[in-house]
Amino acid sequence: CSTWWASSPAHVRIEPNTKVTFDGDAAAQLETRAALFVELGGVLMQLGRLADAHHVLQQARGIFAGSAEEVGIMVAISELCIEKGHLDKAIRLLGSVPPGSRSFRKAQMVKADIYLSHRHDRQAYAGCYQALVEAEDNVANNVLLAEAYVRIQAPDQAIPAFERALQLNPNDALLACKIGRALTSTHDYRRAIEYYEGALARNSHSVPLRHDLATLYMRLRRFDAAVRVLEGHFDNGEEKGEGFDSLGALRDEVKSLVMLAEVYEASEDPARQAEVLDSALEKQRHVVERVRAEDATIVREEAEVLASVLHRLGQQAEARRHVEAAGASYLDGLRACPTHEDCLLSAAALHLRRGELAEARTQCETLLRVGGSRAGMEAATCTLADTLFLQDELADAMEQYQSLLGENPNNYRALSKLAELLPRYTGTLDEVQRLIDRAASADPRSASHAGLNYCRGVHARCANDPAAAVRYFNLARRDGVWGERSLEAMVRVYLNPGGGNMWEDDGSGDAAAETQRVVQKLLGEWRAMGAAEQTGQVLENHALLLTRRRADIDRAMQAFMGMLDEDRESVPALLGMSTAFMFDGAQQKARNTLKRIGKMQYQQGLAAEFEAAYLMLAELYIEKNKFDLANDLCKRCLGYNKSSGRAWEIMGLIFEKELSYTDAADCYERAWRLDHEASAEVGFKLAFNYLKARRWVEAIDVCHKVLRQYPDYPRIKSEILEKAQASLRP
8 CSTWWASSPA
18 HVRIEPNTKV
28 TFDGDAAAQL
38 ETRAALFVEL
48 GGVLMQLGRL
58 ADAHHVLQQA
68 RGIFAGSAEE
78 VGIMVAISEL
88 CIEKGHLDKA
98 IRLLGSVPPG
108 SRSFRKAQMV
118 KADIYLSHRH
128 DRQAYAGCYQ
138 ALVEAEDNVA
148 NNVLLAEAYV
158 RIQAPDQAIP
168 AFERALQLNP
178 NDALLACKIG
188 RALTSTHDYR
198 RAIEYYEGAL
208 ARNSHSVPLR
218 HDLATLYMRL
228 RRFDAAVRVL
238 EGHFDNGEEK
248 GEGFDSLGAL
258 RDEVKSLVML
268 AEVYEASEDP
278 ARQAEVLDSA
288 LEKQRHVVER
298 VRAEDATIVR
308 EEAEVLASVL
318 HRLGQQAEAR
328 RHVEAAGASY
338 LDGLRACPTH
348 EDCLLSAAAL
358 HLRRGELAEA
368 RTQCETLLRV
378 GGSRAGMEAA
388 TCTLADTLFL
398 QDELADAMEQ
408 YQSLLGENPN
418 NYRALSKLAE
428 LLPRYTGTLD
438 EVQRLIDRAA
448 SADPRSASHA
458 GLNYCRGVHA
468 RCANDPAAAV
478 RYFNLARRDG
488 VWGERSLEAM
498 VRVYLNPGGG
508 NMWEDDGSGD
518 AAAETQRVVQ
528 KLLGEWRAMG
538 AAEQTGQVLE
548 NHALLLTRRR
558 ADIDRAMQAF
568 MGMLDEDRES
578 VPALLGMSTA
588 FMFDGAQQKA
598 RNTLKRIGKM
608 QYQQGLAAEF
618 EAAYLMLAEL
628 YIEKNKFDLA
638 NDLCKRCLGY
648 NKSSGRAWEI
658 MGLIFEKELS
668 YTDAADCYER
678 AWRLDHEASA
688 EVGFKLAFNY
698 LKARRWVEAI
708 DVCHKVLRQY
718 PDYPRIKSEI
728 LEKAQASLRP
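For the sequence shown, my numbering begins at 8 and goes up steadily by one.
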């Protein structure tokens, strides 16, 4: 074939009379040559060389004028008009393509896209596909019309078009699936179920139909029906007929078993879930063995399915607190597919919870090296950063989070981690505030982002501003991603707004009743989102303790004891029991229970519980004058959380009892700053120790700050402020 076009940086030159040799008859040669012109025009448009594209296509129009190929050239010219913004001209060109032309379908589809994407005219958009059906009533055109209606959210109009396509091709089970999905999208679930059941009865070995119907039943929480439909896959004897592809059957059975496991998980039947997953695992191992001689891509795909089943088994084992079994499943999954994203992430998270930091770091670094989905890479970076924090590699951890926020300041997963961890490991909120401000300015709609409101709530909670924290968490509480954690955070704020000892507050009367009412309402919403039941029980029983009624304290104790019967090492249950003992006045029992937590290995996921236990035990040691043990526990807490104002406050109490008022004042000053000078109790203690240390000016200054916020705070004026002022007078 001779060269038929040449280009220069400025333009493209076509030689119309150039002889081009093709194999085949004259019509095929003409069609191929026209296709080359269209392809060249398209390439030039993609390169942004619109003038050159126009030159090529106009010459082509002249060359092929009067031929059957002219229509295809006109469609290409209309696409060029769209690129130039000449929409009316493009529509006129496309409208001139006759229904009998080979290019009619493409012309109508291009015109439809103009109406929808540029004119936002949904009726005209659907009309283009209706014209296709009127020109030729076949399966493909009816499917295009139906899918067009689905795209413009008109499923009621899509259903007749799908049904017409199925009428033309009754054996197409995928069309039946599309009709069922369209019916489901209209929320007419009864009609959708009737249709699916009828279609499945007519085509009993259609796996997609079976899975669609089971998914609908799951959505409606009709778990028994979902089980029936999925088990029908294995009861169907026809699937074992002669000539049946047994490898394909194994693959389909694995899919059905995995979905059946999801049903049992949703219906809270872990024993059956594990049984079904074991069966899926066995069958998928057979599939992997069968394809070992196949193409490497097929082998890898089946290995990924095997790793996914093992990952599900690991997740199920974790939910049942079988940590060793979970770790073994993740390890088996990584043997099957060393780069399986979910197994790497879950194994890393499990290692982190167990304090196996080197192993957690290795798994994260592996995923970051081999690459994965964007969400997976973000999760690996977050887990790696958590690990680096615990390994005291603060700079490296910061670099990981900053890299995520550098690419996207509104990456709220990274921002929420920093909002929680930065104060703990740096003892300051300044950097968190800067990152929140940056996220707010990066997106003009960020004020409505649930993720940002959650981060602001965490920041307000750390800043000892419970009212602002509740306000921000409330803005995020109904979000699908951030709602669950926002609701939990709200409950914790209501239970203990000041962060002190619950049993020392006046929880009687209307205030306690109102707190319990609000907490119960929030917990109801939280559970509806699928939150962890044990955490909900812990919080609910803490709310019972606030009433201080004997019956409620006994109920809470019984609940915590029930949790400990299931898991003797449950830190939240042990802490809850200790708190109940304190409400009951049984300090010795509380101390013995807290000692059990003190002997356990610190877990990042239970940081708040561990730190609360350390400080409760420290206060109990102070009552027994065991100041060294109390001081060690406070320092242990500060080693994990440098922003713990409560730890500094307790250390101040130790020095105060030792009559070391200067050291006590230094500790109370740190606590006062970490509480953002918002705690009247800490302010009183700081002012008192300033007075005792003869630092009268500082004492007066703190008294004024407390009284500005709490004008009626008792004793601070008469016992500290007036005495300090008198001491300054000559």
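All residues carry an ideal CB built from backbone N, CA and C; glycine is no exception.
Here the structure is a predicted model, which means the values were calculated and not measured.
**OP:** Look at the alpha carbon of threonine 191 and the alpha carbon of leucine 223, and state the distance between them as a whole number of angstroms.
**Re:** 8 Å
Subject >> Whole-angstrom distance between leucine 714 and glutamate 626, CA atom to CA atom >> reply: Straight across, the Cα-Cα distance linking glutamate 626 with leucine 714 is about 28 Å.
**OP:** Could you tell me if glutamate 665 is buried or exposed, where buried requires 16 or more neighbouring beta carbons within 10 angstroms of its beta carbon?
**Re:** exposed
Subject >> Span separating the alpha-carbon of phenylalanine 617 from that of cysteine 644 >> reply: For phenylalanine 617 and cysteine 644, the gap between their C-alpha atoms comes out near 8 Å.
Original post:
For threonine 433, does the three-state DSSP call read helix, strand or coil?
Top reply: helix
**OP:** Please confirm whether leucine 459 and alanine 470 have their CB atoms less than 7 Å apart.
**Re:** no
Original post:
Is it true that the CB of valine 283 sits closer than 7 Å to the CB of alanine 233?
Top reply: no
Subject >> Short Cβ contact (7 Å threshold) for histidine 329 with cysteine 350 >> reply: no
**OP:** Taking all protein chains shown into account, decide if methionine 225 is buried (16 or more other Cβ within 10 angstroms of its Cβ) or exposed.
**Re:** buried
**OP:** Take the Cβ of threonine 388 as the centre, count every other Cβ of all protein chains shown within 10 Å, and call the residue buried at 16 or more, exposed below.
**Re:** buried
Original post:
Pairing CB atoms from the segment 497-504 with CB atoms from the segment 574-586, are three or more of them under 8 Å?
Top reply: Flag = no, the segment 497-504 and the segment 574-586 do not touch.
**OP:** Just list the alpha helix (DSSP H) runs in the segment 601-686, keeping only unbroken ones of 4 residues or longer that don't cross its boundaries, in chain order.
**Re:** 614-630, 634-647, 652-664 and 668-681
Original post:
Measuring CA to CA, which of Arg557, Thr554 and Val498 is closest to glutamine 544?
Top reply: Closest by C-alpha distance to glutamine 544, out of Arg557, Thr554 and Val498, is Val498.
**OP:** Could you check which residue in Ser213, Arg327 and Val298 has the C-alpha nearest to that of leucine 313?
**Re:** The option with the nearest alpha carbon to leucine 313 is Val298.
Subject >> Cutoff 7 Å; reference asparagine 145; Cβ partners in own chain excluding five residues on either side >> reply: Leu175
**OP:** Whole angstroms is fine: what's the gap from phenylalanine 241's alpha carbon to serine 336's?
**Re:** 26 Å
**OP:** Go ahead and pull the three-state DSSP assignment for histidine 318.
**Re:** helix
**OP:** Starting from valine 787, trace the alpha helix (DSSP H) both ways and give me its first and last residue.
**Re:** Because the chain is modelled from 8 through 737, residue 787 falls outside the range shown and cannot be assessed.
**OP:** Tell me whether leucine 693 sits in a helix, a strand or coil according to DSSP, three-state version.
**Re:** Helix.
**OP:** Pull up the distance between the alpha-carbon of glutamate 576 and that of phenylalanine 396, whole angstroms please.
**Re:** If I take the Cα positions, the gap works out to 25 Å.
**OP:** Name the residue from Arg441, Val689 and Glu705 whose alpha carbon lies nearest to the alpha carbon of tyrosine 720.
**Re:** Shortest Cα-Cα distance from tyrosine 720 to any of Arg441, Val689 and Glu705 involves Val689.
Original post:
aspartate 682: buried (16+ other C-beta within 10 angstroms of its C-beta) or exposed?
Top reply: Under this definition aspartate 682 is a buried residue.
Original post:
Near isoleucine 560, what residues of its chain come up, given a Cβ to Cβ distance below 7 Å and the 5 sequence neighbours on each side ignored?
Top reply: Leu552, Ala587, Phe590 and Asp591
Original post:
Is the beta carbon of cysteine 641 sitting closer than 7 Å to the one on alanine 620?
Top reply: Going by C-beta atoms, cysteine 641 is not nearer than 7 Å to alanine 620.
**OP:** Check valine 104 in the structure and name its three-state DSSP category.
**Re:** coil
**OP:** In angstroms with no decimal places, state the Cα-to-Cα distance between leucine 215 and asparagine 178.
**Re:** This sequence places proline at residue 215; leucine is not what is there. Going from the Cα of proline 215 to the Cα of asparagine 178 covers about 13 Å.
Subject >> leucine 359 versus leucine 375: straight-line alpha-carbon distance, rounded >> reply: Inter-residue distance for leucine 359 and leucine 375 is about 17 Å (C-alpha atoms, whole angstroms).
Original post:
So what's tyrosine 717 in DSSP terms, helix, strand or just coil?
Top reply: coil
Original post:
Would you report the Cα separation of glycine 490 and glutamate 311, rounded to the nearest angstrom?
Top reply: 32 Å
Subject >> Delimiting residues of the alpha helix (DSSP H) encompassing tyrosine 203 >> reply: 196-209
Original post:
glutamate 521: which of Ala367, Tyr668, Arg228 and Ala550 sits nearest, CA to CA?
Top reply: Ala550
**OP:** Closer than 8 Å by C-beta to lysine 649: which residues in its own chain qualify, once you throw out the five before and the five after it? Chain order, please.
**Re:** Only Pro430, Arg431, Tyr432, Thr433 and Gly434 meet the Cβ criterion.
**OP:** Under 7 Å Cβ to Cβ from tyrosine 202, same chain only, skipping five residues before and after it: list those, please.
**Re:** Ile186, Gly187 and Leu190
Original post:
By how many angstroms is the C-alpha of isoleucine 727 removed from the C-alpha of glutamine 565?
Top reply: 45 Å
**OP:** Within the same chain, show all residues whose beta-carbon is closer than 7 Å to that of leucine 425, passing over the 5 residues directly before and after it, in chain order.
**Re:** Tyr408, Val439 and Leu442
**OP:** Determine, using beta carbons only, whether lysine 290 and glutamate 309 come nearer to each other than 7 Å.
**Re:** no
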